[in-house]
Amino acid sequence: MSAKWKFCLNIAALSALFGLLYLFSRYGSGYQIRILTNIAIFITLAVSYNLVNGVCGLLHLGPNGFIAVGAYTSALLSMTPAEKELNFILEHLVWPISVIHVPFLVSLIAAGAVAALFAFVISFPVLRVRGDYLAIVTFGFGEVVRVLCNACQSVTNGPLGLKGLHPYTNLWWSWGVAVLAVIVIQRLIDSNYGLAMKAIREDETAAMAMGVDPSRRLLVAFMVSAFFSGVAGGLLAHLITTISPGVFTFVLTFNLLIMIVVGGLGSTTGAIIGAVLFTWGGEALRIVERPMDIGIFTIPGIPGMRMVIFSLILMLVILFARNGILGRWELNWDFLASKFARLRRTDTPL
Amino acid sequence: MRTTLLLQQLINGVSLGSLYALIAIGYTMVYGILRLINFAHGDLLMVSAYAAIYGIALFSLPWFLTFPLAIISTGAIGILLDRAAYKPLRQAPRISLLISAIGASFLMENLALVIVGGVPKPFPRPDFFNHVIRAGHLHIQVLTIYSPLITLVLVFGLLYIVFKTRVGKAMRAASWDFEATRLMGINLDSIIALTFLLGSSLAAAGGIMWAMKYPQINPFMGVIPGLKAFIAAVLGGIGNIVGAVIGGFLLGVFEILIVALLPGLADYRDAFAFLLLIGILLFRPTGIMGERSAH
């Protein structure tokens, strides 16, 4: 399929997506719009998480740290000085942050930049180790960020968190960021850098022998991933309008892990499918936590049952269907065209 | 007065460290053979604590019967964990194994949440562990003395099994060279099961003592001690049983002393252990005792 054709198809698909979003924003209920906004944020998070976990093959367990950094940065920058005054009762906010007030877009970019800076700093210990150790060090980073959010009261307001953020995040912001993230990350994966990352994933020694410098390539992936996680964190903060250290626990990372494992580790479109299924499925599964009326008797709802089901799904997928939905395939136009061609071939008798 | 305070804190540190040591052994033994960080190991603490609570409260058994029963049942759950979550993935890429471990950990925590509820339960501490010894200005709970002693007894028992018996020899062989051990006709599945049984039982003993020390039990109580114990295992050189014990004691003393000497940093206590971990991985990745126990 020619590049020109693909470009036209991509434009058509994007127009269809935004047309659909427009219809929802006009006629959809608040609940539907909220879920769609959530889906876009999780697409951004899952696709950027997949860049490190799936494409580079590093089991990174600290995206909740980057999301927290992004959320706090963007929240602190977008609040007016008066609002900050109201929030910080116990301790005063340190000086330069207390007077800065910038538009939402600038605060989002700053959120990404600060998260990427954190990624740069921790990459020195993190990228020196691999495998299990990398998992535990990045996990530790996520925990350290949470501890710092609790302890540094003059910056983060401690366990009280920040309240009363403006609900800037809407369908257009979240889907705009999601589309941008998917395009940037997919172009990175298709580039020379992406090839090097995949080579490192398959065999690091062989990649080094071919002249690939692993720490430099992995650093790029790590920082790009952190940037978009930070931006998504900013969006999340302005969607839920109240943030505290308890929002950014390891559960968030665990959810992202489920999305990319179910979608297929290493596949961007897989991550998108995983994010959509998880967010939508998570809402649908609320049934199990509510009491159910079945004719004569009532089944009491079981709080916490959703997480049990999610953990079970993760384990079943990893044990019995390790490739997830797409494996390492991408659901792109070439893939669809080849499937379509095969379908036609089997249909016509010889 | 200053020295008694320091002594008091040192005793507390050794007591805390002994619990880290007990839990760290399980990490190090499993890592030695499977090269896997068993993320679900910390949750076995929670399993044993709840088993003990239900044994005492539901069946009103005396504590000296309940605790061994809780330890045995936790050991059985450790074996079950290996069979269900790790055994099918022996030939799989490492990342799958780790994800399975994380999934198993979440499954255990959330199943416990569904079964027992999220409200913290008080742990019924037997009177036997409740006395307080007063020596001058020192106030020491008997438990604080018992836990390092119990730990040492258990560790010597374990070292006897590992270094003096035939199965211990098989375990050391498996951690030295997995495939060659299989070629020698040793049933690796039973050796791995035994490893999980021993590691989980020690973690269970640690979990019960942890529950007596901090008697508020909830489904997520195992997460932080589990992580700290893992750091202790890395500190001592992962794969090395004696190293794990030393690492556990060191980490306990280090944590308590930092909080005691610099009270202003108490909020950051949980962050220290991770900074220590990063430091070790940067400067001495094999830990203070070096890797593997078979040397």
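So the sequences go chain by chain: B and V.
The opening residue of the first sequence carries number -11 in the numbering used here; numbering runs sequentially from there.
The opening residue of the second sequence carries number 176 in the numbering used here; numbering runs sequentially from there.
Virtual Cβ for every residue (Gly too), placed ideally from N, Cα, C.
Bridge partners - A107(B), DSSP secondary structure assignment:
In the DSSP output, where bridge partners are listed per residue, A107(B) has none listed.
Residue-chain proximity (E277(B), chain V), Cβ-Cβ < 8 Å:
no
Chain-ordered neighbours of D445(V) on chain B, where CB pairs are closer than 9 Å
E131, V132, R134, V135
Which residues, in chain order, does the segment 240 to 262 of chain B contribute to contact with chain V at a C-beta distance below 8 Å?
F242, L245, V249, L253
Give a yes or no on whether the C-beta atoms belonging to I421(V) and L334(V) are separated by under 8 Å.
no
For the alpha helix (DSSP H) that contains H226(B), what are its first and last residues?
202 to 228
P113(B) versus chain V: which residues are under 8 Å apart at the beta carbon?
I453, L456, L457
In whole angstroms, give me the CA-to-CA distance for E131(B) and A194(B).
34 Å
Identify the continuous beta strand (DSSP E) that holds V307(V) and give its terminal residues.
307 to 310
Relative to the C-alpha of I228(V), which residue among Q391(V), P460(V), G414(V) is closest?
Q391(V)
Would you please verify whether the beta carbon of R310(B) is less than 8 Å from any beta carbon of chain V?
yes
Using 8 Å as the threshold, is the C-beta distance between G250(V) and L372(V) below it?
yes
Since I believe L410(V) is in contact with L432(V) (beta carbons under 8 Å), could you give me their beta-carbon distance rounded to a whole number of angstroms?
Not a contact, Cβ separation roughly 15 Å.
On the three-state DSSP scale, how would you describe L313(V)?
strand
Give the single residue among L319(B), R332(B), L331(B), R330(B) whose Cα lies nearest to the Cα of K(-6)(B).
L319(B)
Rounded straight-line distance, which links the Cα of F266(B) to that of A209(B):
24 Å
What is the DSSP secondary structure of L451(V), counted as helix, strand or coil?
helix
Within this structure, are the beta carbons of I308(V) and I315(V) separated by less than 8 Å?
yes
Grab me the residues of I361(V)'s own chain with a C-beta within less than 6 Å of its C-beta, minus the 5 sequence neighbours each way, in chain order.
A345
What residue range is occupied by the uninterrupted alpha helix (DSSP H) comprising Q141(B)?
141 to 144
Spatial distance of M198(B) from V219(B) (CA atoms)
35 Å
Residues in its own chain within less than 6 Å of V434(V) by CB, not counting five upstream and five downstream?
A441, R444
For I392(V): DSSP bridge partner residues
K296(V)
Look up I231(B) in the DSSP assignment and say whether it is helix, strand or coil.
strand
Option nearest R41(B) by Cα separation, candidates I200(V), I274(V), A196(V), G188(V):
One detail in the question is off: residue 41(B) reads as Asn in this sequence, not Arg. If we check each option's Cα against that of N41(B), I274(V) comes out closest.
C-alpha gap between I413(V) and W238(V), whole angstroms
34 Å
One or two residues paired with L150(B) in a DSSP bridge
I231(B)
Quick check on DSSP: helix, strand or coil for D445(V)?
helix
State the DSSP-derived secondary structure class of Q266(V), mapped to helix, strand or coil.
coil
The segment 353 to 373 of chain V: which residues have C-beta closer than 9 Å to a C-beta of chain B, in chain order?
none
N145(B) burial status per 10 Å Cβ neighbour count (16 or more: buried):
buried
Comparing C-alpha positions only, which one of F281(V), G188(V), M464(V), V317(V) sits nearest to L219(V)?
F281(V)
Which value, in whole angstroms, describes the spacing of the CA atoms of V428(V) and M387(V)?
19 Å
Do the CB positions of F298(B) and I246(B) come within less than 8 Å of each other?
yes
Take the Cβ of L244(B) as the centre, count every other Cβ of all protein chains shown within 10 Å, and call the residue buried at 16 or more, exposed below.
buried
Do I88(B) and L105(B) have their beta-carbon atoms positioned less than 8 Å apart in this structure?
no
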